[in-house]
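Engineer: What follows is a single structure, and I will ask about it in a moment.
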Amino acid sequence: MPTQVQGVIARSKDAPVELTTIVIPDPGPGEVVVDVQACGVCHTDMHYRDGGINDDFPFLLGHEAAGVVSEVGEGVTDVVVGDYVILNWRAVCGQCRACLRGRPWYCFDTHNARQKMTLLDGTELSPALGIGAFAEKTLVAQGQCTKVDPAAAPEVAGLLGCGVMAGIGAAINTGGVTRGDTVAVFGCGGVGDAAIVGSRLAGAAKIIAVDIDDRKLTTAREMGATHTVNSKETDAVEAIRALTGGFGVDVAIEAVGRPETYEQAFYARDLAGVVVLVGVPNPTMEITLPMIEVFGRGGALKSSWYGDCLPSRDFPMLIDLHTQGRIDLAAFVTERIGIGDVEAAFEKMHRGDVLRSVVMIGAPA
């Protein structure tokens with residue numbers, strides 16, 4: 247029978263979020279119900295609330311989540327009841343032209359649960375990034391569940407579901423950072439700091455963090471940055487060149503999604519260097535670059551989709567590295583909050599007071 251649970255919704259543009267009762271249908275073919283244990287508060291959820299993604303209100307917010315499978319529908323083979331999983335928003339299809347060419351991280355036909363979760367009056371909810379995990383339970387497609395080692399706490403594991411994976415993957419998967427490279431990361435929020443962690447993991451020799459907030463730069467050093475630049479006080483491109491013998495970096499990662507920081511990243515790279523855009527711009531933003539500079543500098547200008555990750559490959563690997571003590575995913579968790587505290591968490595995020603607030607929902611004591 248359908249289940250009634252508490253969930254956090256955005257009912258209309260710019261309105262405060264609400265904690266209300268939602269209805270979770272029984273899982274259909276290929277669908278899974280997950281008991282959510284923890285879910286990170288991501289900028290993307292705030293963008294949904296503010297109407298910055300689309301206008302398919304009401305939204306069921308939350309997507310950086312970990313939990314336990316409680317029900318499975320017909321034909322589900324990837325997971326079983328009791329599996330501890332991280333949720334992801336790019337369940338690969340296995341049949342599109344990208345998947346068939348052996349590049350499933352570029353899947354052009356990712357999918358979600360077919361059924362809709364609803365309010366008590368039957369109003370259909372749009373789950374954020376196809377997940378909707380600021381709720382005691384959520385309904386997803388089986389491909390959105392990746393089984394991982396339950397030794398990792400849910401507030402830590404869930405963050406791989408979006409921001410942390412996006413940043414680590416932007417460095418390793420998209421940027422191809424490797425031993426001895428120099429790297430600059432523009433924007434030191436959760437994604438930028440994860441790019442720093444990924445660069446350090448890959449063996450970068452020099453990691454330069456760029457931001458306008460000294461608090462964030464301090465955290466970036468704690469995450470592994472070897473140098474910091476406050477671009478509010480110093481020309482970031484000149485500072486980066488000074489730190490790299492006048493050449494610029496091998497990989498420049500833009501984790502803000504703004505034209506001015508993208509331009510800084512473009513000019514801060516060495517010849518044949520790589521620029522990676524992982525920050526998400528809004529649809530109105532544009533940038534103009536001299537074509538002779540694009541040609542003359544060579545290298546590559548790349549966009550990173552979800553860190554170009556393959557959840558079935560990358561989530562278990564990163565959880566294993568965490569449990570081995572080789573990366574500290576817990577460092578991203580600033581505070582643990584209740585399901586009724588999401589709106590306050592958005593305000594803290596907007597002020598830059600937190601790296602990640604994590605909603606604790608059904609985590610074991």
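Convert by adding 246 to the 1-based position in the sequence shown; the result is the number in the working numbering.
Beta carbons: idealized from backbone N, C-alpha and C, even for Gly.
1. Which value, in whole angstroms, describes the spacing of the CA atoms of A611 and G253?
2. Tell me the rounded alpha-carbon separation between A381 and V338.
3. Grab the span of the beta strand (DSSP E) containing M531 for me, first residue to last.
4. List in chain order: all unbroken beta strand (DSSP E) runs of 3+ residues lying wholly within the stretch 428 to 499.
5. Under a Cβ-count criterion, where at least 16 other Cβ atoms within 10 Å of its own Cβ denotes burial, should F561 be classed as buried or exposed?
6. For E532 versus L385, is the C-beta distance shorter than 8 Å?
7. Report all residues from its chain with a CB closer than 6 Å to the CB of A518; omit the five preceding and five following residues, and keep chain order.
8. What three-state label does DSSP hand P304 in the structure shown?
9. Output yes or no for whether 8 Å exceeds the beta carbon distance between P304 and L371.
10. Look up C353 in the DSSP assignment and say whether it is helix, strand or coil.
11. Hey, could you find the ends of the alpha helix (DSSP H) L517 is sitting in?
12. Under DSSP, the alpha helix (DSSP H) around I565 begins and ends at which residues?
13. With distances taken Cα to Cα, identify the nearest neighbour of G435 among H596, V269, A448.
14. Indicate whether A416 and A441 have their beta-carbon atoms separated by less than 8 Å.
15. Once DSSP output is grouped into helix, strand and coil, what is the label at L375?
16. Buried or exposed: which applies to A451, given that a residue is buried once 16 or more other Cβ atoms fall within 10 Å of its Cβ?
17. When you compare each of F432, P536, G494, I538 to R504 by their alpha carbons, which one comes out closest?
Structural biologist: Once the coordinates are examined:
1. Confidence at A611 is low in this model, with a pLDDT of 47, below 50, so the placement of that residue should be treated as unreliable; the coordinate-derived value is given next. Approximately 20 Å between the Cα atoms of the pair.
2. 24 Å
3. Element bounds for M531: n/a, residue is neither H nor E.
4. 428 to 432, 452 to 457, 473 to 476
5. buried
6. no
7. G544, G545
8. coil
9. yes
10. coil
11. Not the alpha helix (DSSP H): L517 falls in the beta strand (DSSP E), residues 515 to 523.
12. 557 to 569
13. H596
14. yes
15. helix
16. exposed
17. F432
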